[in-house]
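Residue numbers (the UniProt record's numbering): 1 to 179. Down below is the structure, laid out as C-alpha cells.
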C-alpha cells in the first residue's frame with residue numbers, strides 16, 4: 001500500500017479524464033446538471049479538479065485496472081459531495097443577494113410619477129387653504145407618519161381632541177373634493 005501522496009502529472013490527468021469522465025457525467029446527472037444548464041461547464045471543471053485531487057489522495061493507484069472499481073466508487077462519492085457543497089454555497093450567495101442594501105433601495109425610483117406628485121402637492125396646498133392652523137398642524141404630522149397618540153403628545157392635546165380635528169378635516173375634504 002502506497003502511503004505517499006501521488007502527484008497528478010499532465011499525463012495522469014489526461015488518462016484520468018479519459019478513463020473516468022463517465023463518473024463526472026454520472027454525478028452531474030445525479031444533481032440534474034445537463035449540458036444545456038447554465039453552470040454545467042463550471043460543475044464539470046469542478047468534477048475534474050475533484051477527480052484529480054481524489055487521484056492524489058487515493059491509497060491505491062487509480063490507473064491500475066485492478067483498482068478501478070474501488071477508485072470509481074471513491075471518486076463518485078467525493079465528486080457528488082463537492083457538487084452538493086457547491087450548490088449549497090450558490091444558494092446561500094443567492095439568498096444573501098436577494099436582500100438589497102439601503103443604498104440600493106434609495107436608488108429605486110418612486111412609484112409616483114413627477115406629474116402625479118405635482119398634482120398631489122397642488123391639491124394639498126389648495127386643501128391647506130381651507131383648513132385652520134390647528135387642522136394644518138394635524139395634517140402635517142399625519143403626513144409625516146405620526147399616529148394619533150404621537151400627534152396628541154407632540155401638540156400637547158388629548159387624543160379625543162385630535163380625533164375631533166381629524167373628523168373635521170375629513171368632512172372638509174369630502175366637500176372640497178365634491179366642489
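Don't be surprised by glycine CBs; every beta carbon is placed ideally from N, CA and C.
Give the range of the alpha helix (DSSP H) segment to which residue i is assigned.
i, result
"residue 20", "10-30"
"residue 145", "Careful: residue 145 lies outside any alpha helix (DSSP H) and carries neither H nor E."
Write down the C-beta distance between residue i and residue j rounded to the nearest angstrom, noting that I regard them as a contact closer than 8 Å.
i, j, result
"residue 87", "residue 138", "Not quite, the Cβ-Cβ distance comes to about 56 Å (not below 8 Å), so this is no contact."
"residue 31", "residue 51", "Wrong, their Cβ atoms sit about 16 Å apart, outside the cutoff."
"residue 173", "residue 143", "Incorrect: roughly 13 Å between the Cβ atoms, too far for contact."
"residue 83", "residue 46", "7 Å"
"residue 6", "residue 56", "5 Å"
"residue 63", "residue 12", "7 Å"
Could you check what DSSP says for residue i in three-state terms: helix, strand or coil?
i, result
"residue 167", "helix"
"residue 116", "helix"
"residue 36", "coil"
"residue 61", "coil"
"residue 177", "helix"
"residue 48", "helix"
"residue 88", "helix"
"residue 160", "helix"
"residue 7", "coil"
"residue 132", "coil"
"residue 172", "helix"
Should residue i be counted as a contact of the ligand MN given a C-beta to heavy atom distance under 7 Å?
i, result
"residue 131", "As far as ligands go, the structure on display features none, and thus does not contain the ligand MN."
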